[in-house]
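Colleague: Take this structure first; my questions come after.
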Amino acid sequence: MGAATELLLGGDRRRSVQISLPGGPDGQPGEKVRFKLKDKKLEGQWAHASVIKDAGDDPDVTNRAEICARVRQVKTRKSALNVSGGKGVGRVTRPGLAVKPGNAAINPVPMKMILTEVQKAIAKAGGRAKFGALDVVISVPDGERLAQMTLNARLGIIGGISILGTTGIVKPLSTDAWTATISASLNVAEAAGLDTVVMSSGRTSERVHMEHLSLTRRLT
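Residue numbers for the sequence shown follow UniProt numbering, beginning at 1 and rising by one.
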């Protein structure tokens, strides 16, 4: 997003981009890291940049997925940034998640990072007043297929994957993602007004619970 904005506003064609990760709970500034760009180009009124996600040793379905950002100027006097989800980024349809229904499934921390990097690029190019409003679109070309291997559909996130994260650093084989999924599922169930939750260790035990307890799934 910052790289695409720099290309749009200043013609910067560097093949890597440096960003700041979120700071810690103690208020310390986050680590700065540099990523190699897969692609960076101008397409009509849009500037496009993308990176390949590297999940390291973590068995994440999004490992090696291309994450894209497109930015364009909007002919308006109002100085504003509009961030939305494009192809392969899911859309939230149920309450209870960190993102309100109707919005792209870009969680608060990644959204803040996107806005910060775009604003830094604007400042570097001469300030927002000079360029007016910008549209920023985040997309994942293979996101719809990848989402079929996640729990997004059960959480009411349709059409693609979620843009998640709290620290910007992947911890391989940690329980963080697992517990976060349980918390999100419980929040969605509570928001739907359900008062009973059955826990299972996998799809097979889930099917046994459904049959043995004569359950009807309210959330699919």
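For every residue, glycine included, the Cβ atom is placed at its ideal position computed from N, Cα and C.
If you're wondering where the values come from, they're calculated on a predicted model, not measured in any experiment.
Exposed or buried, what is ARG70 when buried is set at 16 or more other beta-carbons lying within 10 Å of its beta-carbon?
Modeller: buried
Colleague: For LYS112, tell me which candidate among GLY143, GLY165, SER79 has the shortest Cα-Cα distance.
Modeller: GLY165
Colleague: What does DSSP give as the partner residue(s) for GLY160 in the beta ladder?
Modeller: GLY88
Colleague: Put ARG70 into one of helix, strand or coil per three-state DSSP.
Modeller: strand
Colleague: Suppose the cutoff is 8 Å on Cβ atoms and the five residues either side in sequence are ignored; what does the same chain contact list for ASN82 look like?
Modeller: Excluding positions up to five away in sequence, the list reads VAL74, ALA133, LEU134, ASP135, VAL136.
Colleague: DSSP three-state call for GLN148: helix, strand or coil?
Modeller: coil
Colleague: Suppose contacts are defined by Cβ-Cβ distances below 8 Å. Is VAL118 in contact with LEU155 by that definition?
Modeller: no
Colleague: Does the distance between the C-beta of ASP135 and the nearest non-hydrogen atom of the ligand FMN fall short of 7 Å?
Modeller: By its list of ligands, the structure shown contains no ligand whatsoever, and the ligand FMN lies outside what it can speak to.
Colleague: Considering only residues of the same chain and omitting the five flanking positions on each side of PRO101, which have a CB-CB separation below 7 Å?
Modeller: VAL92, THR93, ARG94, PRO95
Colleague: So, for GLU144: in the same chain, excluding its five sequence neighbours on each side, which residues have a beta-carbon less than 7 Å away from its beta-carbon?
Modeller: GLY88, GLY159, GLY160
Colleague: How many Å lie between THR5 and LEU115 at the Cα?
Modeller: 11 Å
Colleague: Going straight from the alpha carbon of SER79 to that of ILE122, what length do you get?
Modeller: Rounded to the nearest angstrom, the two C-alpha atoms are 11 Å apart.
Colleague: For LYS41, write down the residues that DSSP places opposite it in a beta bridge.
Modeller: HIS48
Colleague: Given that a residue counts as buried once 16 or more other Cβ atoms are within 10 Å of its Cβ, and exposed if not, what is LYS171?
Modeller: Label assigned to LYS171: exposed.
Colleague: My output table needs one value for ASN82: the three-state DSSP class, helix, strand or coil.
Modeller: The answer is strand: DSSP assigns ASN82 an E or B state.
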